[in-house]
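What follows is a single structure, written as structure tokens, with notes after it.
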Amino acid sequence: MTAPPLILTERMTAHPSDSHTIERYEATGGYAALRKGLEDMTPEQVAAEVKASNIRGRGGANFPAGVKWGFLPPTKPRYLVVNGDESEPGTFKDRQLMERDPHQLVEGVILAAYALEVNHAFIYIRGEYPKSARRVQAAVDEAYRRGYVGKDILGTGFDLEITVHLGAGAYICGEETALLNSLEGRRGEPRIKPPFPAVEGLYAKPTIVNNVETLSNLPWIVLNGGVEYARIGPETSAGTRLFSLSGHIERPGNYEIVMGMSWRELIYDIGGGIPAGRALKTWIPGGASAPWLVPEHLDTPVTIDDVAQQGTMLGSGAVIVMDETTNVLAAALRIVRFFAHESCGQCTPCREGTTWLERVLDRILAGEGRPSDLDLLLDVSDGISPGLRWPPVMTTICPLGPSAVSPVVSIMQHFRDEVEAMITKGVPVA
Amino acid sequence: MTTRQPSDPLAPIAEWSEPNRRRARTALDAYPERRSAVMPLLFLAMMEHGHVTDEAMQEVADLTGLTAAQVLSVASFYTMYKREDPGRYLISVCTSISCHLLGADEVLAAIVDETGTADGETAEDGLISVEHVECNGGCGGAPVVLVNYEMIEGVTPEKGRALCRWLRDGRPEVVFAGEMQQLFGGRRSFDWGIVDEEGAIVPVPAFEPYGSSGEGS
Chain C
1 MTAPPLILTE
11 RMTAHPSDSH
21 TIERYEATGG
31 YAALRKGLED
41 MTPEQVAAEV
51 KASNIRGRGG
61 ANFPAGVKWG
71 FLPPTKPRYL
81 VVNGDESEPG
91 TFKDRQLMER
101 DPHQLVEGVI
111 LAAYALEVNH
121 AFIYIRGEYP
131 KSARRVQAAV
141 DEAYRRGYVG
151 KDILGTGFDL
161 EITVHLGAGA
171 YICGEETALL
181 NSLEGRRGEP
191 RIKPPFPAVE
201 GLYAKPTIVN
211 NVETLSNLPW
221 IVLNGGVEYA
231 RIGPETSAGT
241 RLFSLSGHIE
251 RPGNYEIVMG
261 MSWRELIYDI
271 GGGIPAGRAL
281 KTWIPGGASA
291 PWLVPEHLDT
301 PVTIDDVAQQ
311 GTMLGSGAVI
321 VMDETTNVLA
331 AALRIVRFFA
341 HESCGQCTPC
351 REGTTWLERV
361 LDRILAGEGR
371 PSDLDLLLDV
381 SDGISPGLRW
391 PPVMTTICPL
401 GPSAVSPVVS
411 IMQHFRDEVE
421 AMITKGVPVA
Chain E
1001 MTTRQPSDPL
1011 APIAEWSEPN
1021 RRRARTALDA
1031 YPERRSAVMP
1041 LLFLAMMEHG
1051 HVTDEAMQEV
1061 ADLTGLTAAQ
1071 VLSVASFYTM
1081 YKREDPGRYL
1091 ISVCTSISCH
1101 LLGADEVLAA
1111 IVDETGTADG
1121 ETAEDGLISV
1131 EHVECNGGCG
1141 GAPVVLVNYE
1151 MIEGVTPEKG
1161 RALCRWLRDG
1171 RPEVVFAGEM
1181 QQLFGGRRSF
1191 DWGIVDEEGA
1201 IVPVPAFEPY
1211 GSSGEGS
């Protein structure tokens, strides 16, 4: 196996002590893409390279970035908003990109703004990431000083302001329309779509919202060409991608890989397998919102489409591994509790349903479950997510409610005997 | 310079400290519409008043052209805007799924026991608050504990207890993630590189444009 190309993490791997500084960034080719893009290319040409790259959004929805950009109407002003509100349990990749290589992100933001003819970009970073915010702000300040941001960038006549905005502790703001409301100084409640942000976004103006990792790829794409990027990995899962491994795994961390390897390779070869020689019980393939996979899936490929075929999603690339000792009911409750806490409360199925799921799981775990609770769990789940399908049939404005259903359906599908044993015997033994 | 013009946009916060007034101006200038400054201004108001007081919400409303009720609707939505004074050190223990799998509940129990402060409460002397929080993005270094939002990864119950004693006995002016990680942390999500040069003074994210930050060690 040849070593995969590193795009996002090459600098921080080679220069762990100072990869975040502008000196190191420029000494390792940084801001060359900016010069190429702004001096030698038109905005349309930069956008065309991103389209040609086939890069799909890395925030969780995996929507092709170039296609998203194509939805912008010709009106101005328009805005670019960077989603750095990384909060999906299990996900910590954007934190590493912001802390360890903030200039790579800032250069990507400038290139995207140029391509989209945007003159004000916002980087929304979750409130619990002050270090990320400090690093990104320092990079933005430095970029202003060098004339890469501000008025008449590199003498091209292109102007760009960048504002770093801090969230204040609400998972839902990672949903792009909730994020826009938050940025407007409102409660972080998702908006009904359509209109989509590309048409009516920040201050009701055309807006593109892109994830930190997505934009961090832009310097490479502009420098090497979109076609070159599209050549990496499977056709519909192009490029390298950061996976966050956590839970019961020997070597947790972020790994930049080419998609297409098997889950076995990702968990055992890259992640080092399960600690203490224990057996793998289950894993979550794409953040807490995703339905779970089990060992029979170990030899299926890790691509966006293959994972979708298993009835789940690659989501934000967060892989949470659970070993044979895991009480899956307790794990599911922990995830349901998260969504119950983070529900914004707008939609009844989510607001009420997540709380009901939490209560029922809680009483089963406390040894006070009733035989009827098995049906009740599925019934409440069905009320939030009709038919219990993935991707879900939506009864709510955003996917948060159906996300809370994922762990419940997963344990009922794969570990129903354990749930039953918990109800009848008060212990999670089949 | 100290004479306030009637049109001074900062008139509603004439009593605030000069650094916070400067930060408030930065926030108001950072967006095309003033109301977008509500979130940074609420953090500044917490620094000024200790928590989001009724007076603070009126000040933020006057600065942004909103009503106090609109500001309340925002302040009540986000968990980091505290409606009561938190302790000088806010200890946040992540208990979401990845931290849960690696023993976060035991870490939280040890910290609650060591401080004599229940989850969600503030000690009587006002020194320490303890809360459990949802995922903080340190899953590869679980379990994660934050002190005034500065992160420590790979915390054990014993190290959690030691952290509490260190805060109580040493009462550091500024808490630095790098220093705390070295003293009380373990496995990290990734190589942090050089340690940070800034830390937190109060339970508000240490982000200078509109928050506290201490110069580094």
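Residue numbers (my numbering), protein chains in the order written: chain C, 1 to 430; chain E, 1001 to 1217.
Idealized CB from N, CA, C, for every residue including glycine.
Could you check the C-alpha separation between residue i and residue j for me, to the nearest Å?
{"i": "C/P206", "j": "E/S1036", "result": "17 Å"}
{"i": "E/E1059", "j": "E/I1013", "result": "6 Å"}
{"i": "E/E1131", "j": "C/L215", "result": "34 Å"}
{"i": "E/M1046", "j": "E/V1204", "result": "7 Å"}
{"i": "C/I7", "j": "C/I221", "result": "9 Å"}
{"i": "C/M322", "j": "E/D1062", "result": "51 Å"}
{"i": "E/E1150", "j": "C/V118", "result": "34 Å"}
{"i": "C/V409", "j": "C/T91", "result": "22 Å"}
{"i": "C/S403", "j": "C/L361", "result": "16 Å"}
{"i": "C/E296", "j": "C/A279", "result": "13 Å"}
{"i": "C/M412", "j": "C/L374", "result": "8 Å"}
{"i": "E/R1168", "j": "C/A168", "result": "27 Å"}
{"i": "E/E1134", "j": "E/C1094", "result": "6 Å"}
{"i": "E/E1173", "j": "E/E1114", "result": "21 Å"}
{"i": "C/G260", "j": "C/N62", "result": "15 Å"}
{"i": "E/S1092", "j": "C/E99", "result": "21 Å"}
{"i": "C/Y144", "j": "E/A1030", "result": "14 Å"}
{"i": "C/E200", "j": "C/A178", "result": "13 Å"}
{"i": "C/G37", "j": "C/N254", "result": "29 Å"}
{"i": "C/L97", "j": "C/S406", "result": "28 Å"}
{"i": "E/E1084", "j": "C/R337", "result": "24 Å"}
{"i": "E/K1159", "j": "E/N1136", "result": "19 Å"}
{"i": "E/G1065", "j": "C/R187", "result": "16 Å"}
Checking the sheet assignment: what are the DSSP bridge partners for residue i?
{"i": "E/S1092", "result": "E/E1131, E/L1146"}
{"i": "E/A1200", "result": "E/V1175"}
{"i": "C/M322", "result": "C/T282"}
{"i": "E/H1049", "result": "For E/H1049, which the question treats as bridged, DSSP gives no partner whatsoever."}
{"i": "C/T163", "result": "C/F122"}
{"i": "C/L293", "result": "C/W283"}
{"i": "C/V209", "result": "C/V81"}
{"i": "C/R56", "result": "C/P64"}
{"i": "C/T355", "result": "DSSP lists no partner for C/T355."}
{"i": "E/T1122", "result": "E/S1129"}
{"i": "C/P301", "result": "C/S262"}
{"i": "E/E1153", "result": "E/V1144"}
What whole-angstrom Cβ distance do residue i and residue j have, given they're in contact under 8 Å?
{"i": "C/V149", "j": "C/I110", "result": "6 Å"}
{"i": "C/H103", "j": "C/G30", "result": "6 Å"}
{"i": "C/G226", "j": "C/K425", "result": "Between C/K425 and C/G226 the Cβ distance is about 58 Å, and since that is not below 8 Å, they are no contact."}
{"i": "C/Y203", "j": "C/E184", "result": "7 Å"}
{"i": "C/E324", "j": "C/K281", "result": "5 Å"}
{"i": "E/L1044", "j": "E/R1023", "result": "6 Å"}
Can you find a C-beta in chain E that's less than 8 Å from the C-beta of residue i?
{"i": "C/I320", "result": "yes"}
{"i": "C/K76", "result": "no"}
{"i": "C/V405", "result": "no"}
{"i": "C/G273", "result": "no"}
{"i": "C/S216", "result": "no"}
{"i": "C/Q104", "result": "no"}
{"i": "C/T433", "result": "Since the first residue of chain C shown is 1 and the last is 430, residue 433 of chain C is not available in this structure."}
Which residues bound the alpha helix (DSSP H) around residue i?
{"i": "E/G1219", "result": "With chain E covering 1001 to 1217 only, the question about residue 1219 of chain E has no answer from this structure."}
{"i": "C/N83", "result": "Not the alpha helix (DSSP H): C/N83 falls in the beta strand (DSSP E), residues 79-84."}
{"i": "C/Y255", "result": "That residue, C/Y255, is in no alpha helix (DSSP H); its beta strand (DSSP E) goes 253-258."}
{"i": "C/L22", "result": "In the sequence as displayed, the identity of residue 22 of chain C is Ile instead of Leu. Residues 22-27."}
{"i": "C/Y144", "result": "130-145"}
{"i": "C/E339", "result": "For clarity, residue 339 of chain C is Phe in the given sequence; the question names Glu instead. Unbroken alpha helix (DSSP H) run through C/F339: 328-342."}
{"i": "E/C1099", "result": "1097-1101"}
{"i": "C/K151", "result": "C/K151 -> no alpha helix (DSSP H), and no H or E assigned at all."}
{"i": "C/E474", "result": "One cannot answer for residue 474 of chain C here, as it falls past the ends of chain C, which runs 1 to 430."}
{"i": "C/M412", "result": "400-414"}
What are the boundary residues of the beta strand (DSSP E) that residue i is part of?
{"i": "C/R241", "result": "240-247"}
Does any residue of chain C have a CB that is nearer than 8 Å to the CB of residue i?
{"i": "E/R1025", "result": "no"}
{"i": "E/P1040", "result": "yes"}
{"i": "E/P1143", "result": "no"}
{"i": "E/R1088", "result": "no"}
{"i": "E/E1084", "result": "no"}
{"i": "E/A1123", "result": "no"}
{"i": "E/N1020", "result": "no"}
{"i": "E/E1179", "result": "no"}
{"i": "E/E1114", "result": "no"}
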